[in-house]
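Colleague: Attaching a single structure in structure tokens format; questions to follow.
In the working numbering, the protein residues as written are 6 to 118.
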């Protein structure tokens with residue numbers, strides 16, 4: 006039985022930063038203040054991740070360039086979110102036809118126009 010609130014249940018869903026936004030390629034700043042503002046950010050990140058049916062989220066994916074990441078499938082997601090914290094994207098790791106295919110799909114998506 007859970008003895009606390011479900012992560013994200015008090016957070017607000019924030020807009021997700023999409024491919025092409027420069028914030029996704031900027032290295033994030035270290036967290037230095039572990040107060041209520043960070044707690045709200047983490048709650049918002051969980052709420053946003055769940056709303057997007059995601060399994061991980063880095064703070065810069067919601068426009069905040071801080072080194073904060075939340076994960077679901079630990080090993081794979083941790084690397085994926087760490088890439089975001091360093092200003093990298095999954096598509097940056099792709100080469101050849103795979104990269105071309107992903108970029109073509111992104112360009113055709115409603116949010117890519």
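For each residue, glycine too, the CB sits at the ideal point set by N, CA and C.
All figures in this text were calculated on a predicted structure; none of them were measured in a lab.
1. Look at residue 56 and residue 28 and say whether their C-beta atoms are less than 8 Å apart.
2. Mind the definition here: the segment 93-108 touches the segment 55-72 only if three or more C-beta pairs lie below 8 Å; say whether that holds.
3. Could you give the uninterrupted runs of the alpha helix (DSSP H) lying entirely in the segment 23-52, keeping only those of 4 residues or more?
4. Three-state secondary structure (DSSP) at residue 94?
5. Can you find the residues in the same chain that come closer than 7 Å, C-beta to C-beta, to residue 32, ignoring five residues on each side of it along the sequence?
6. From residue 22 to residue 14, what distance separates their C-alpha atoms?
7. Where does the unbroken beta strand (DSSP E) through residue 62 begin, and where does it stop?
8. Looking only at C-alpha atoms, which of 34, 35, 63 and 37 sits nearest to residue 48?
9. Please report how far the alpha carbon of residue 97 lies from the alpha carbon of residue 39, in whole angstroms.
10. Name the residue from 16, 24, 59 and 61 whose alpha carbon lies nearest to the alpha carbon of residue 43.
Modeller: The relevant details are as follows:
1. Locating residue 56 in the chain shown gives position 51, where the first residue counts as 1. Locating residue 28 in the chain shown gives position 23, where the first residue counts as 1. Between residue 56 and residue 28, the C-beta gap is not smaller than 8 Å, which leaves the two residues out of contact.
2. Between the segment 93-108 and the segment 55-72 there are fewer than three inter-stretch CB-CB distances shorter than 8 Å, so the stretches are not counted as touching.
3. If we require 4 residues or more, the segment 23-52 turns out to have no alpha helix (DSSP H) run fully inside it.
4. Within the chain shown, numbered from 1, the residue matching residue 94 stands at position 89. Of the three classes helix, strand and coil, the one that applies to residue 94 here is coil, per DSSP.
5. Taking the chain shown and counting its residues from 1, one reaches residue 32 at position 27. Closer than 7 Å at Cβ, skipping near neighbours: 91 and 92.
6. Within the chain shown, numbered from 1, the residue matching residue 22 stands at position 17. Within the chain shown, numbered from 1, the residue matching residue 14 stands at position 9. Counting only the Cα atoms, residue 14 lies some 21 Å from residue 22.
7. Working through the chain shown from its first residue, we reach residue 62 at position 57. Where residue 62 is concerned, the enclosing beta strand (DSSP E) stretches over 61-63.
8. Position 43 of the chain shown, counted from the first residue, corresponds to residue 48. Closest option to residue 48, Cα to Cα, is 63.
9. Numbered from its first residue, the chain shown carries residue 97 at position 92. Numbered from its first residue, the chain shown carries residue 39 at position 34. One C-alpha to the other measures close to 31 Å.
10. The residue labelled residue 43 in the question sits at position 38 within the chain shown. Of 16, 24, 59 and 61, the residue nearest in Cα terms is 16.
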